[in-house]
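So the sequence shown is numbered by the numbering used here: it starts at 546 and just counts up by one.
For every residue, glycine included, the Cβ atom is placed at its ideal position computed from N, Cα and C.
It should be emphasised that the depicted structure is a prediction, and the values quoted were computed from it without experimental measurement.
Data block below; observations after.
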Amino acid sequence: MKPPDSNFGSDEPVRHVLNVSGGKDSSAMALLMAGRIRGLEHFRQDDMEYLFCDTQKELPETYEYLARLEAELGSKITYLNAKAGFDHWHKVFGGYLPSPQNRWCTKMLKLKPFEAHVGDDPVISYVGLRADEDRIGYISTKPNIKTRYPLREAGIDYRGVIRILEDSGLGLPTFMKWGRTNSGCTFCFFQTPYEWVRLHDTYPEKFQEAMHYESIDPNDPNKQFTWMENAPLSSLLEPSVRQQILASGIKKKPSTANKSLVAVFGHHTSDADVACLLCQK
Ligand code: SF4
């Protein structure tokens with residue numbers, strides 16, 4: 546029987562739930578909460594439930610990393626699948642691709658499966674926001690779900706996360722080796738042009754799949770469905786654009802006002818520009 550928790554002001558047992566994403570921050574948080582970090586053993590939570598909301602549009606490396614994390618934790622990670630996948634909701638939303646302004650993917654493929662899984666139970670949800678981040682992400686607002694940010698509470702920043710992963714032997718997710726900054730769907734719109742180009746080079750078939758979701762109606766400005774704000778993915782493959790993007794490396798995302806295509810695309814946002822706490826990143 547799980548103990549009651551004073552956070553909820555009742556005697557009902559509280560569930561402790563940690564959504565892992567297959568990325569570095571949530572993995573470091575999982576190790577912290579498993580009591581693996583020397584000097585921070587007091588964070589240990591033995592009855593933690595580890596969850597992964599699987600959109601079925603994830604990178605292969607994400608599954609591989611989750612399997613290694615599971616072994617490292619010695620605890621099972623439960624995979625949750627949305628009742629209906631991306632293609633279903635893509636139709637329901639009339640062909641609109643998700644975007645930072647309309648992030649139906651996070652709601653339908655991440656948040657809803659998580660909320661359905663925990664039901665009305667009192668839950669503490671552990672979210673991997675680092676101490677050096679001030680972004681706001683998607684979290685559940687249901688009254689029975691309270692949120693904690695252990696990395697922040699422990700003062701663990703980007704360097705701290707890297708150190709935890711290296712010390713544990715888990716290391717960084719392997720998708721970071723070819724240029725992807727974060728876990729999440731293969732076609733996540735938070736990707737930078739640099740990441741899109743590297744996706745193309747690493748998994749050309751997944752890039753093609755992403756391109757197939759785009760559609761541009763030349764007669765209707767309201768029906769321009771592209772992953773990037775101003776141009777289709779095919780524009781990244783134009784040799785001079787591609788070359789400039791790859792040459793630019795990792796830089797802060799600039800303002801796009803009055804910039805040419807190459808000038809806009811030739812940059813790569815930093816990790817801190819991305820905000821998706823359940824898909825996280
Ligand atoms: S990873 Fe990106 S595309 Fe996938 S659910 Fe999260 S925000 Fe949406």
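Within the same chain, show all residues whose beta-carbon is closer than 6 Å to that of residue i, passing over the 5 residues directly before and after it, in chain order.
i, result
"D762", "K768"
"V807", "Low confidence applies here, because V807 scores a pLDDT of 34, under 50, leaving its location unreliable; read the following figure in that light. Hits under 6 Å: V786 and Q789."
"T747", "W723"
"I610", "According to the sequence shown, residue 610 is Tyr rather than Ile. Here the set comprises G567 and P718."
"P766", "none"
"C650", "P643"
"S760", "F770"
What are the partner residues of residue i, as DSSP defines its beta bridges?
i, result
"D514", "Residue 514 lies beyond the stretch modelled for the chain, which goes from 546 to 826, so this question has no answer here."
"K691", "I669"
"S760", "F770"
"E594", "V562"
"C730", "E603"
Which one of the options has the shortest CA to CA distance from residue i?
i, options, result
"A616", "H662, S779 and S572", "S572"
"H561", "H757, H662 and L710", "H662"
"K628", "E660, R708 and S685", "E660"
"I690", "V672, R680 and G705", "V672"
"R697", "D556, P558 and L577", "L577"
"H745", "S713, L715, S780 and P766", "S780"
"D853", "R613, V559, N564 and T771", "Nothing can be reported for residue 853, as the shown portion of the chain is limited to 546 through 826."
"D570", "R583, L614 and G584", "L614"
"L563", "L596, W772 and R581", "L596"
"E740", "E711, L791 and W649", "L791"
"I582", "Q736, L710 and A755", "L710"
"I735", "S713, E774, A579 and G705", "Here residue 735 turns out to be Phe, not Ile, going by the sequence shown. The shortest C-alpha separation from F735 is found at E774."
"V742", "E783, G700, S728 and G664", "E783"
"R725", "R708, Y624, G580 and G794", "G794"
"D679", "D666, S620, V668 and G700", "G700"
"S715", "G619, M653 and Q646", "The sequence shown places Leu at residue 715, rather than the Ser named in the question. Residue G619 is the option with its Cα nearest to L715."
"D666", "L654, K687 and N647", "K687"
"E557", "V668, L625 and L654", "V668"
Apart from the five residues on each side of it in sequence, which residues of its chain come closer than 7 Å, Cβ to Cβ, to residue i?
i, result
"K602", "F631, C730, T731 and F732"
"K751", "T731 and L744"
"K657", "A627"
"P695", "M574, L577, M578, F588 and Y671"
Leaving out the 5 sequence neighbours to the left and right, which residues in its chain are closer than 8 Å to residue i when beta-carbon positions are compared?
i, result
"D758", "A quick correction: the sequence has Tyr, not Asp, at residue 758. Correct list, in chain order: H635, L642, F732, F770 and W772."
"S685", "L656, F659, E660, S670 and T692"
"M546", "Any answer about M546 is weak, because its pLDDT of 42 lies below 50 and its placement is not dependable; what the coordinates show is given next. For M546, where only same-chain residues beyond five positions count, the Cβ hits under 8 Å are P558."
Check whether the stretch 713-728 touches the stretch 599-608, taking contact to mean three or more Cβ pairs, one atom from each stretch, closer than 8 Å. yes
With three or more C-beta pairs closer than 8 Å as the rule, is the stretch 575-588 touching the stretch 633-642? no
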